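Chemist: Each residue of the sequence shown is one higher than the one before, starting from 144 at the first, in the working numbering. Glycine residues also receive a C-beta, built at the ideal position from the N, C-alpha and C atoms. Since this is a predicted model, take the numbers as computed values, not measurements. Below is a structure I'd like to ask you about.
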Amino acid sequence: MREQQLFSGEWGLIDRLGSKTALYSYIEKMSEGRDKQKDRVCKVLPWLKKYPGGLAIQVGQVQAKWFTNFQDYLLKDCGLSEQSAFSYAYAVRMALKQAVRENILPSDPSEGVKSISIPEPDREYLELEEIQQLSKVPLGGKLGAEVKRAFLFACYCALRVSDLKSLQWGDIQHNTSGVQVVKKQVKTRKRVVVPLHDSAWSIINDNVPHNPTDPVFPLLVKSKTDTNKYLIQWVEKTGIPKHITWHAARRTCPSLLHEMGVDIYTIQKICGHAQVKTTAIYTQVSDKSLRKAVDTLPSIEIK
Numbered sequence: 144m145r146e147q148q149l150f151s152g153e154w155g156l157i158d159r160l161g162s163k164t165a166l167y168s169y170i171e172k173m174s175e176g177r178d179k180q181k182d183r184v185c186k187v188l189p190w191l192k193k194y195p196g197g198l199a200i201q202v203g204q205v206q207a208k209w210f211t212n213f214q215d216y217l218l219k220d221c222g223l224s225e226q227s228a229f230s231y232a233y234a235v236r237m238a239l240k241q242a243v244r245e246n247i248l249p250s251d252p253s254e255g256v257k258s259i260s261i262p263e264p265d266r267e268y269l270e271l272e273e274i275q276q277l278s279k280v281p282l283g284g285k286l287g288a289e290v291k292r293a294f295l296f297a298c299y300c301a302l303r304v305s306d307l308k309s310l311q312w313g314d315i316q317h318n319t320s321g322v323q324v325v326k327k328q329v330k331t332r333k334r335v336v337v338p339l340h341d342s343a344w345s346i347i348n349d350n351v352p353h354n355p356t357d358p359v360f361p362l363l364v365k366s367k368t369d370t371n372k373y374l375i376q377w378v379e380k381t382g383i384p385k386h387i388t389w390h391a392a393r394r395t396c397p398s399l400l401h402e403m404g405v406d407i408y409t410i411q412k413i414c415g416h417a418q419v420k421t422t423a424i425y426t427q428v429s430d431k432s433l434r435k436a437v438d439t440l441p442s443i444e445i446k
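And the structure:
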């Protein structure tokens, strides 16, 4: 059996034995080692099991119509949100693409099937006036002051909370042009260089010598507490009607830069995005900017 699989892969032939594998078993194999509570490949299995014929269909039997019907089942019959239905259908797409790479399928039957539409999520970010409001409001509790400093710092340099927690004084570099953060992002392992605004530097500058491996936000590193609750209390106390999480700070920086006229490719470098289309999602336009843009239109006299 294995010799036939190797022969098929070497000559670009279809692995007939693999194509007779049940789709459920194939995805179940893919799910090994993944997070059963969070990974979509694991989470689609119960829905595939419930789907009529979902346990019996072989990988080689999957056609565009079957995949279309499975998507409709997830969206209309399972009580799932659009986002969840999209995620589980995408897990099956992943499996089919892998089957193509393994010469089990000659082509991906889901490729021409339109994905489930999902509503664009609200991506909260802060405007400059709101950052100034927050900066004036104290945040109590054991971690309050540290959370406040770290969040405001992130608003100026677009770091994720994982990068704030891993930020060390060795990542803060001084050169002739000023102070900058130079580090690998925890999520992407991509190196970013972010020049620090004077306000950002003043947030962390305590005029004390530090070892390169010392964390910039030590309490944040040690804490096991869900620090988002601090942010919720802080925003409520300030009276800002927004649902703010740590990622809102990362979104705030590119949005402010965009409003100040910074080009999207420069913003892409600061955020460490691999693709500029990702940066475009982050560069929100405020209502104030929309009003300013409309007000630039010439007036007409209506008689």
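If you run the structure through DSSP and keep just helix, strand and coil, what is Gln418?
Modeler: In the three-state scheme derived from DSSP, where H, G and I count as helix and E and B as strand, Gln418 is classed as coil.
Chemist: Using a Cβ-Cβ cut-off of 8 Å (strictly less than) and excluding sequence neighbours within five positions of Lys192, which residues of its own chain qualify?
Modeler: Tyr167, Leu198
Chemist: Can you list, in chain order, the stretches of the beta strand (DSSP E) that have 3 or more residues and sit fully within the segment 196 to 229?
Modeler: For the beta strand (DSSP E) assignment, the segment 196 to 229 encloses no uninterrupted run of at least 3 residues.
Chemist: Look at the Cβ atom of Phe360, then the Cβ atom of Ala293, and state whether they are nearer than 9 Å.
Modeler: yes
Chemist: Taking buried to mean at least 16 other C-beta atoms within 10 Å of its own C-beta, is Arg177 buried or exposed?
Modeler: exposed
Chemist: Which residues does DSSP pair with Gln316 in a beta bridge?
Modeler: Gln323
Chemist: Going by beta carbon distance, what residues of the same chain come within less than 6 Å of Lys181, once the five residues before and after it are set aside?
Modeler: none
Chemist: Assign Arg394 to one of three DSSP states: helix, strand, or coil.
Modeler: When secondary structure is reduced to three states using DSSP, Arg394 falls in the helix class.
Chemist: Helix, strand or coil for Leu399 per DSSP?
Modeler: In the structure shown, Leu399 sits in a helix (DSSP, three-state: H, G or I).
Chemist: Helix, strand or coil for Ala301 per DSSP?
Modeler: Of the three classes helix, strand and coil, the one that applies to Ala301 here is coil, per DSSP.
Chemist: Alpha carbon to alpha carbon, what distance is there between Gly196 and Arg334?
Modeler: 47 Å
Chemist: For the beta strand (DSSP E) containing Arg334, name the first residue and the last one.
Modeler: 334 to 338
Chemist: Less than 8 Å between the CB atoms is what I'm expecting for Trp312 and Pro252, so what's the real figure, rounded?
Modeler: In fact, because the Cβ distance is near 53 Å, the residues do not count as touching under 8 Å.
Chemist: Can you give me the Cβ contacts of Leu310 inside the same chain, cut-off strictly under 6 Å, excluding the 5 residues immediately before and after it?
Modeler: Val359
Chemist: Quick check on DSSP: helix, strand or coil for Pro358?
Modeler: strand
Chemist: Could you check what DSSP says for Gln311 in three-state terms: helix, strand or coil?
Modeler: strand
Chemist: Among the residues of its own chain, which have a CB less than 7 Å from the CB of Ile346, if the five just before and after it don't count?
Modeler: Arg292, Leu295, Phe296
Chemist: Give me, in chain order, the residues of the same chain whose beta-carbon lies closer than 8 Å to that of Val256; leave out the 5 immediate sequence neighbours on both sides.
Modeler: Around Val256: Ala207, Phe210, Thr211, Gln214.
Chemist: Mind the definition here: the segment 324 to 341 touches the segment 398 to 416 only if three or more C-beta pairs lie below 8 Å; say whether that holds.
Modeler: Because the criterion of three Cβ pairs below 8 Å is met, the segment 324 to 341 and the segment 398 to 416 touch.
Chemist: When you compare only the Cα positions, how much space is there between Ile445 and Lys372?
Modeler: 53 Å
Chemist: Determine the extent of the alpha helix (DSSP H) in which Tyr194 is found, giving its start and end residues.
Modeler: Careful: Tyr194 lies outside any alpha helix (DSSP H) and carries neither H nor E.
Chemist: So, under 8 Å CB-CB, Ala238 and Ile170 are touching, yes? Tell me the CB distance rounded to an integer number of Å.
Modeler: 5 Å
Chemist: Going by DSSP, which residues form a beta bridge with Ala165?
Modeler: Gln201
Chemist: Relative to the C-alpha of Ala392, which residue among Thr421, Thr368, Leu271 is closest?
Modeler: The residue with the shortest Cα to Cα distance from Ala392 is Leu271.
Chemist: First and last residue of the alpha helix (DSSP H) that includes Asp349?
Modeler: Under the DSSP assignment, Asp349 falls outside any alpha helix (DSSP H); it carries neither an H nor an E label.
Chemist: Cutting at 6 Å between CB atoms, please list the residues of its own chain near Ala234, excluding the five before and the five after it.
Modeler: Arg183, Val184, Val187
Chemist: Return the CA-CA distance between Lys327 and Asp314, expressed in angstroms with no decimal places.
Modeler: 9 Å
Chemist: Which ranges would you report for the beta strand (DSSP E) in the segment 260 to 293 if only whole runs of at least 3 residues count?
Modeler: none
Chemist: Look at Lys308 and Val364 and say whether their C-beta atoms are less than 9 Å apart.
Modeler: Going by beta carbons, Lys308 and Val364 fall inside the 9 Å limit.
Chemist: Is the beta carbon of Trp190 sitting closer than 9 Å to the one on Leu218?
Modeler: Their beta carbons are not under 9 Å apart, which means Trp190 does not touch Leu218 by this criterion.
Chemist: So, with DSSP's three-state summary, where would you put Gln147?
Modeler: Residue confidence for Gln147 is low, a pLDDT of 48 falling below 50, so the modelled location carries little weight and cannot support an answer.
Chemist: CB-CB under 6 Å to Ile200, same chain, minus the five flanking residues each way: which ones, in chain order?
Modeler: Leu166
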